[in-house]
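There are 4 protein chains.
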Amino acid sequence: MSGNTFGTLFSVTNFGESHGPAIGCVIDGCPPGMPLTEADIQHDLDRRRPGTSRHVTQRNEPDAVEILSGVYEGKTTGTPIALLIRNTDQRSKDYANIVESFRPGHADYTYWHKYGIRDPRGGGRSSARLTAPTVAAGAVAKLWLKAQFGTEFRACMTQLGELAIPFEDWSHVRHNPFFAPVADVQAYEDYMDALRKAGDSCGARIRVQASGMPIGLGQPLYDKLDADIAYAMMGLNAVKGVEIGAGFASVAQRGTVHGDSLTPEGFASNHAGGVLGGISTGQDLEVSIAIKPTSSILSPRESIDIHGQSTQVITKGRHDPCVGIRAAPIAEALLALVVMDHALRHRAQCGDVHQGVPPIRSSLL
Amino acid sequence: MSGNTFGTLFSVTNFGESHGPAIGCVIDGCPPGMPLTEADIQHDLDRRRPGTSRHVTQRNEPDAVEILSGVYEGKTTGTPIALLIRNTDQRSKDYANIVESFRPGHADYTYWHKYGIRDPRGGGRSSARLTAPTVAAGAVAKLWLKAQFGTEFRACMTQLGELAIPFEDWSHVRHNPFFAPVADVQAYEDYMDALRKAGDSCGARIRVQASGMPIGLGQPLYDKLDADIAYAMMGLNAVKGVEIGAGFASVAQRGTVHGDSLTPEGFASNHAGGVLGGISTGQDLEVSIAIKPTSSILSPRESIDIHGQSTQVITKGRHDPCVGIRAAPIAEALLALVVMDHALRHRAQCGDVHQGVPPIRSSLL
Amino acid sequence: MSGNTFGTLFSVTNFGESHGPAIGCVIDGCPPGMPLTEADIQHDLDRRRPGTSRHVTQRNEPDAVEILSGVYEGKTTGTPIALLIRNTDQRSKDYANIVESFRPGHADYTYWHKYGIRDPRGGGRSSARLTAPTVAAGAVAKLWLKAQFGTEFRACMTQLGELAIPFEDWSHVRHNPFFAPVADVQAYEDYMDALRKAGDSCGARIRVQASGMPIGLGQPLYDKLDADIAYAMMGLNAVKGVEIGAGFASVAQRGTVHGDSLTPEGFASNHAGGVLGGISTGQDLEVSIAIKPTSSILSPRESIDIHGQSTQVITKGRHDPCVGIRAAPIAEALLALVVMDHALRHRAQCGDVHQGVPPIRSSLL
Amino acid sequence: MSGNTFGTLFSVTNFGESHGPAIGCVIDGCPPGMPLTEADIQHDLDRRRPGTSRHVTQRNEPDAVEILSGVYEGKTTGTPIALLIRNTDQRSKDYANIVESFRPGHADYTYWHKYGIRDPRGGGRSSARLTAPTVAAGAVAKLWLKAQFGTEFRACMTQLGELAIPFEDWSHVRHNPFFAPVADVQAYEDYMDALRKAGDSCGARIRVQASGMPIGLGQPLYDKLDADIAYAMMGLNAVKGVEIGAGFASVAQRGTVHGDSLTPEGFASNHAGGVLGGISTGQDLEVSIAIKPTSSILSPRESIDIHGQSTQVITKGRHDPCVGIRAAPIAEALLALVVMDHALRHRAQCGDVHQGVPPIRSSLL
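Heads up: the sequence lines are chains A, B, C and D, in that order.
Note that the working numbering gives residue 89 to position 80 of the first sequence, counting from 1, and the numbers run on in steps of one.
Note that the working numbering gives residue 174 to position 165 of the second sequence, counting from 1, and the numbers run on in steps of one.
Note that the working numbering gives residue 312 to position 303 of the third sequence, counting from 1, and the numbers run on in steps of one.
Note that the working numbering gives residue 189 to position 180 of the fourth sequence, counting from 1, and the numbers run on in steps of one.
Below, the structure written as structure tokens:
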């Protein structure tokens, strides 16, 4: 109820601070009998890991995960899976100057007023570092969904600051540090270099997709599948907008265009983004999110201190000039957690999960 | 867990179908001692009511609410408040032709595959009629928030189909059927008349705002205030996109621009939309939503029946050619429910609710 | 979260006051496709109904239930089932004298201090009348469990005041007003007549049983099946004690006696009461509850008023001299609700429900 | 939802297995600003610790707790408090002989059928070792309740096997290994020595009490304070019965006796056990629990193996011949967790917590 648990039946309780001794999570509700090793989880953690290119924070965290419980002889037992990641490369002195002042665009001000106390080291609990346990839990969900239904998750960057990124092919995503679906990323390298030199930051737009979706996931009236996707995505640090399917473009569409026709071979289009009435259609889930520019920048900003007096803030520390760059694997994990939870919720009430009836032609948008 | 309850501490359990005997909800967790009458709730229901202009469905429902419990001698007692609205103007025969076929853009297909059974009369449970109990519950939340903190909620239309609607003044909203913040709505009247004549429908964009917000509402890590707002809004029928503050525009913003500076007199701007790190800043909450064109249109659409065979669907019945028109009071209610729930969640853990420290200058975007 | 919802996946949200316009509940999470009519529910309501013998309250309520939603053409649709029972025989004037004083043994004192406001008519929300919606919801759960697994629920009285009631046969229970498993209930008739004449009340002990139980229901660590049974039973008005299996007698048992041996034909005994490690064994669930004497008695009692001054309270109104008499069908319903919820929770995580492997010999205690 | 989280607003998510690398919990919802160190928690862990007398298991675990998060500069921050306890003295080879057979009275059989997989080492997840994180979390709750309201918790043994233990004084409890409220425990030492020699085990009865209780805690209708106490206690390993106040004795009481009179100086008695209508009266909470004899005994028992064949089981390993002996601090912790959660739930809805109005005379039973 205090907001650190994600999901209901496949629930992830996240703990830790950016510069505390450790971060981690407890997954409750994982089905028993699934093969699971630390390596299965490490793969996605490595995709999210800081320090892997010059365009992201240079904090060097191995993010090595330890499974503390819930796995016996290489298989899940149905009991809670606790995952532990020790913090190793904290440099808390970078934050000495902001103990008593509020960084614009950051949670400093709101944590201070909410709790009356705040851990300023690396942003404490509000740091994007806390997405690591989410990614770890998402990796477990992905494994199960892949094995059960063949469902797969992927994400890519579709805009970097002012630069729209065309979609060429999913295969390019893993070969560049931007998760961009294009072969040539020189323009983005140059853009980021200039930005870093200017001491500034930029936003990004990320597309997230689930394919091989079962039909029927999602609980009307309030806990619609798309409602929970929006909750998951908007809850990710720095996200300011979420779209499903046609998103904001649907405002200017006509009903005769937007509504996806059905044919015996499947849907003829996917403006809905894979959800009708809050329930999955079996088409690809198509989600798009807007990520704001990083608030931690070297340029001096006007602010106030805890006494309400004017002050200037320059954020040192090691930061991502575009937090959107590392967002792709996190967004995938969040989408996987939503689908996983709804798969179990569906099974509880309806007892089985449908796939591919009638045949689904999962057209892209 | 089956998705028909909204909120945790101020929870609303919604029931009913479009053409069943009644719809309604049970509110649990309302603070005791608050004056409450049916008239307090009826006001917002009337703003949402069908049949009030030629641009919306001509179904004529009085939507008279009856308080069944939780109020004694005009005051809430702290026990569940059950609200009942009888359906009176069902015309189920309009739906005879879609019992065995799926209307494109509708929940028919997904309900059928999820549950194996579906109430086709008026869309059954998936009908936007079920937003009436949400509006009723929102009215109760608004009363308490107004009395406690002076918080107020309002919404207006900012785009109708292709037509952007400029913002003139909130005072205009109540004087036209579009909830448009402009004095002259002739262009929108004409637009809708043409659309109806064409048997087509269009989308809309709605802006929702809360002013007089307390500081500190919202639970990190997952149940952020903006995450729960996104959940609430995306869960509203036909919504395909949600923005907080600068929304998708923040992608192209620089960090030096986006991050709202703080001054001793308050924030200098509100790109954040009133939320930092998932917690309210005390500034106005600024939310924008995209509503897709109504799927129920007179133009014939390609579809399939429950046997997977091709068919054509023409949706008769009485429908809103732009469901966005009546969305403003619903979106207000949803925002009020989110804020209410977080106010109680905050009080549970932190024991008090802050306001206006330091002074908040709630700039618009 | 405010305590008026029972269960998680098969959840029952209860509303109403003893003398308000109506009582009822909303069931969320019922599996779709199950035949359900009002008559199915009415049967159990009639077993609990007041006014059926001279030993219970003479308030005459038909307790006619109306299904408001969730059922289409005689089958559940998977959407919320709202049940409404209008109150018809309120006599609120009986309560005029206790508006400002606290009846000993009643919730008057605690509601007053908790909420600062209290509906005194018939005990308001704290009345045992609110068990009627619980019984109605339990009837729905029973139907599903019977159809799915053959699980059945029954309860009987095993002690009335000082009088222990021997167990003869379940078949007797329906033939006497005490739910006593004996053929001759003259002693209990006489006992109650004397008690009523004395203006006093007595307690009772009730045994509740589920047979035909699936194996594997119950969630360790905290939400054990027996933990949730204890929660359900202790939450019933006037209950002061709960036992599972051997109960308090197990304190003086040796381990060599208590632990139920397993044989290829099943368990050799059932001291466990059908639960090991919080999970059902497939044996009969055996539960026993202690019900305190009715607090509403004609004999004058010392008390205080809302100003803290001494006063005497005589409770008029129409009360059960032994609330335990009507407790049997309520306890059955509560046990059914617990088993139902755990059946769905099990299915969510583990995907199937086991029965009878290896063969279960469900010995009684 | 999978049963490993206790509480709603002050929630404890427990993880670990008896012989896994670690056990622990995540506390979510702790109010911010409370001083907290590892020593505060260690004290109660040490009271529960194995290996402290010859009458309990000789497994030697230091149970040293590490705070991983949620505390900054010695104070709680309002973010999750993760507590980690490494297992150090596992001797899993003791369990080799029960990998394929079910120990009578144990969870082996039910885990196997529920999950299809089971960690047999030390009972895995079903081990009473998992009460350690509960005790740790309870210590945090106790600190806050003591500081806020002066509420205090204590427990003692009132029966050991057939031997009733008279109540002399609370002060004796800490001076003997039985948590017995008497000066001379020689009889219990002898009893246990004989039992151990016989390779058998016995049960116990424990009394738990909270004093300095606020008035008004508890949520009707279902989440009554006593309902949640019963849930907590029955969920503790080996508990088979729970009583509040007069408990099962109330069955034979008359209403004129049972109902506690109120006087201007407070209640005249406490048959209710501190709860009326599910809400705390401000009197002492009085709870009594029945603990079954340990199932792990050296005497050979009839059982079956996973193939359904007859076998004999002798449980080696290091076990408590009376698990009730170490139950006192655990039962205290559980009661503290229930009261803590309800204190926050009350504050959420009602905004303040009452104490001592009118003066409460907390009589013992």
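Cβ atoms here follow ideal geometry from the backbone N, Cα and C, with glycine treated the same way.
In terms of residue numbering, what span does the alpha helix (DSSP H) encompassing leucine 139/D cover? What you label residue 139/D is simply residue 130 of the fourth sequence in a count that begins at 1. Here leucine 139/D belongs to no alpha helix (DSSP H), and DSSP marks it neither H nor E.
Cut-off 6 Å between Cβ atoms - residues of its own chain near glycine 29/B, not counting five sequence neighbours on either side: Walking along the second sequence from the start, residue 29/B turns up at place 20. Within the same chain, no residue comes within 6 Å of glycine 29/B by CB-CB distance, once the 5 residues on both sides are set aside.
What separation, rounded to the nearest whole angstrom, lies between the Cα atoms of isoleucine 90/C and valine 182/A? For the purposes of this step, residue 90/C is identified with residue 81 of the third sequence, where counting begins at 1. For the purposes of this step, residue 182/A is identified with residue 173 of the first sequence, where counting begins at 1. Roughly 48 Å between the two C-alpha positions.
Please confirm if valine 366/A has its CB atom under 8 Å from at least one CB of chain C. To locate residue 366/A, count along the first sequence from 1; it is residue 357. Model confidence at valine 366/A stands at a pLDDT of 47, short of 50, so the residue's coordinates are unreliable and nothing is read from them.
Output needed for proline 142/A: all residues of its chain with C-beta closer than 8 Å, excluding positions within five of it in sequence on either side, in chain order. Taking the first sequence and counting its residues from 1, the one referred to as residue 142/A is at position 133. A distance below 8 Å between beta-carbons, with the five flanking residues on each side excluded, links proline 142/A to the following residues of its chain, in chain order: Val21, Asn23, Phe24, Gly25, Ile32, Gly33, Cys34, Leu92, Ile94.
Return no unless some Cβ of chain B is closer than 8 Å to the Cβ of leucine 92/D. Translated into positions along the fourth sequence, residue 92/D becomes position 83. The beta carbon of leucine 92/D sits no closer than 8 Å to any beta carbon of chain B.
Provide the residue span of the alpha helix (DSSP H) that contains valine 266/D, from first to last. As a working mapping, residue 266/D is identified with position 257 in the fourth sequence. Here the alpha helix (DSSP H) through valine 266/D covers 264 to 267.
Residues that methionine 166/C bridges to, as DSSP identifies them: Working through the third sequence from its first residue, we reach residue 166/C at position 157. DSSP lists Ile215/C as partners of methionine 166/C.
Separation of alanine 239/A from alanine 251/B, as counted between CA atoms: If you number the second sequence from 1, residue 251/B lands on position 242. If you number the first sequence from 1, residue 239/A lands on position 230. Note that residue 251/B corresponds to valine in the displayed sequence, not to alanine. If you take the alpha carbons of valine 251/B and alanine 239/A, they lie about 8 Å apart.
Taking Cβ positions only, does phenylalanine 24/A come closer than 8 Å to chain D? By 1-based counting over the first sequence, the position of residue 24/A is 15. Interface criterion met: the Cβ of phenylalanine 24/A is under 8 Å from a Cβ in chain D.
Does the region 156 to 167 of chain A come within contact of the region 326 to 337 of chain A, defined as at least 3 CB pairs closer than 8 Å? Cβ pair count under 8 Å is three or more, so yes.
What does asparagine 13/A reach in chain B if we use C-beta pairs closer than 9 Å? Here residue 13/A is taken as the residue at index 4 of the first sequence, counted from 1. For asparagine 13/A, the chain B residues whose Cβ falls inside 9 Å of its Cβ are Gln228, Pro229, Leu230, Tyr231, Asp232, in order along the chain.
Are threonine 303/C and glycine 264/D touching if we call contact CB-CB under 8 Å? Counting from one through the third sequence, the residue named residue 303/C turns up at place 294. Counting from one through the fourth sequence, the residue named residue 264/D turns up at place 255. The answer is yes: Cβ separation under 8 Å.
Note down the Cα distance separating glycine 114/A from glycine 268/B, rounded to an integer number of angstroms. Here the question's residue 114/A lines up with position 105 in the first sequence. Here the question's residue 268/B lines up with position 259 in the second sequence. In this structure, the straight-line span from the alpha carbon of glycine 114/A to that of glycine 268/B is close to 4 Å.
State the Cα-Cα distance for the pair phenylalanine 19/C and valine 348/C, rounded to the nearest angstrom. Stepping through the third sequence from its first residue, residue 19/C is reached at position 10. Stepping through the third sequence from its first residue, residue 348/C is reached at position 339. Just so you know, the alpha carbons of phenylalanine 19/C and valine 348/C end up roughly 10 Å apart.
Simplified DSSP assignment, three categories, for valine 80/C: Numbered from 1 along the third sequence, position 71 holds the residue referred to as residue 80/C. In the three-state reduction of the DSSP assignment, valine 80/C falls in the strand class, which pools E and B.
Rounded straight-line distance, which links the Cα of aspartate 235/D to that of serine 11/C: As a position in the third sequence, residue 11/C is number 2, starting the count at 1. As a position in the fourth sequence, residue 235/D is number 226, starting the count at 1. Their backbone Cα atoms lie some 15 Å apart in a straight line.
Determine the DSSP secondary structure at leucine 373/D, reduced to helix, strand or coil. Here residue 373/D refers to the residue found at position 364 of the fourth sequence. Confidence in leucine 373/D is poor, its pLDDT being 34 and thus under 50, which makes the residue's placement unreliable; the coordinate value appears in the next sentence. DSSP places leucine 373/D in coil when its eight states are reduced to three.
So, does the region 276 to 286 of chain B touch the region 153 to 164 of chain B, judging by three or more C-beta pairs under 8 Å? Put simply, the region 276 to 286 of chain B does not touch the region 153 to 164 of chain B. Fewer than three CB pairs are less than 8 Å apart.
Looking at chain A, is there any beta carbon in it that lies within less than 8 Å of the beta carbon of cysteine 34/C? As a position in the third sequence, residue 34/C is number 25, starting the count at 1. With 8 Å as the cut-off, cysteine 34/C does not count as an interface residue toward chain A.
Hey, out of Ala148/C, Phe111/C, Pro71/C, Tyr124/C, whose CA is closest to glycine 131/C's CA? On the third sequence, position 122 is the one that residue 131/C refers to. Residue nearest to glycine 131/C within the set Ala148/C, Phe111/C, Pro71/C, Tyr124/C is Phe111/C (criterion: CA-CA distance).
Buried or exposed: where does glutamine 318/B fall if 16 or more other Cβ atoms within 10 Å of its Cβ makes it buried? As a first step, residue 318/B is located in the second sequence; it is residue number 309 there, counting from the start. With fewer than 16 other Cβ atoms within 10 Å, it is exposed.
Going by DSSP in three states, proline 44/A sits in which element: helix, strand or coil? Within the first sequence, numbered from 1, the residue matching residue 44/A stands at position 35. In the structure shown, proline 44/A sits in a strand (DSSP, three-state: E or B).
To which residues of the same chain is cysteine 359/D closer than 8 Å at the C-beta, ignoring the five residues directly before and after it? Working through the fourth sequence from its first residue, we reach residue 359/D at position 350. The beta carbon of cysteine 359/D sits closer than 8 Å to the beta carbons of Gly225 from its chain, once the five residues preceding and following it are set aside; these are given in chain order.
Collapsed DSSP secondary structure at glycine 365/D in the structure displayed: Locating residue 365/D in the fourth sequence gives position 356, counting from the first residue. Since pLDDT at glycine 365/D reaches only 44, below the 50 mark, its modelled position is unreliable, and no value is offered.
Taking a cut of 7 Å between CB atoms, which residues from the region 102 to 134 of chain C lie near chain D? The region 102 to 134 of chain C vs chain D, Cβ under 7 Å: Phe111, Pro113, Gly114, His115, Ala116, Tyr118, Thr119, Tyr120, His122, Lys123, Tyr124, Arg134.
Below 8 Å on the Cβ atoms is my guess for alanine 148/B versus asparagine 246/B; work out the distance and round it to an integer in Å. By 1-based counting over the second sequence, the position of residue 148/B is 139. By 1-based counting over the second sequence, the position of residue 246/B is 237. Not a contact, Cβ separation roughly 19 Å.
Can you list the residues of chain B that valine 41/D reaches, using a CB-CB cut of under 8 Å? Taking the fourth sequence and counting its residues from 1, the one referred to as residue 41/D is at position 32. Sequence check: residue 41/D is proline here, not valine. Per Cβ cutoff of 8 Å: Gln358, Cys359.
The region 71 to 86 of chain C: positions lying closer than 9 Å to chain B by Cβ: Listed by position along the chain: Glu75, Ile76, Leu77, Ser78, Gly79, Val80, Tyr81, Glu82, Lys84, Thr85, Thr86.
Can the beta-carbon of valine 191/D be found closer than 8 Å to that of methionine 242/D? As a first step, residue 191/D must be located in the fourth sequence, where it is residue number 182. As a first step, residue 242/D must be located in the fourth sequence, where it is residue number 233. Taking 8 Å as the Cβ cut-off, valine 191/D and methionine 242/D do not qualify as a contacting pair.
Assuming contact is defined by CB atoms lying nearer than 8 Å, are aspartate 293/D and methionine 201/D in contact in what I supplied? As a working note, residue 293/D is residue 284 in the fourth sequence. As a working note, residue 201/D is residue 192 in the fourth sequence. Methionine 201/D is positioned such that its CB atom lies no closer than 8 Å to that of aspartate 293/D.
Quick check on the burial criterion: 16 or more other C-beta atoms within 10 angstroms. Buried or exposed for glutamate 341/A? One-based indexing of the first sequence puts residue 341/A at position 332. Buried, since its Cβ has 16 or more Cβ neighbours within 10 Å.
Of the residues Ile313/B, Ser278/B, Ala352/B, which one's Cα is nearest the Cα of isoleucine 107/B? Locating residue 107/B in the second sequence gives position 98, where the first residue counts as 1. Answer by Cα proximity: Ile313/B.
Looking only at its chain, what residues have a beta carbon closer than 6 Å to the beta carbon of arginine 127/A, apart from the 5 residues adjacent to it on each side? Locating residue 127/A in the first sequence gives position 118, where the first residue counts as 1. Contacts found: Tyr120, Trp121.
Beta-carbon separation (whole angstroms), phenylalanine 187/B vs tyrosine 197/B, contact threshold 8 Å: Here residue 187/B is taken as the residue at index 178 of the second sequence, counted from 1. Here residue 197/B is taken as the residue at index 188 of the second sequence, counted from 1. Contact holds; Cβ gap of about 5 Å.
Taking 7 Å as the cut-off, does the CB of aspartate 199/D come closer than this to any heavy atom belonging to the ligand SAM? By its list of ligands, the structure shown contains no ligand whatsoever, and the ligand SAM lies outside what it can speak to.
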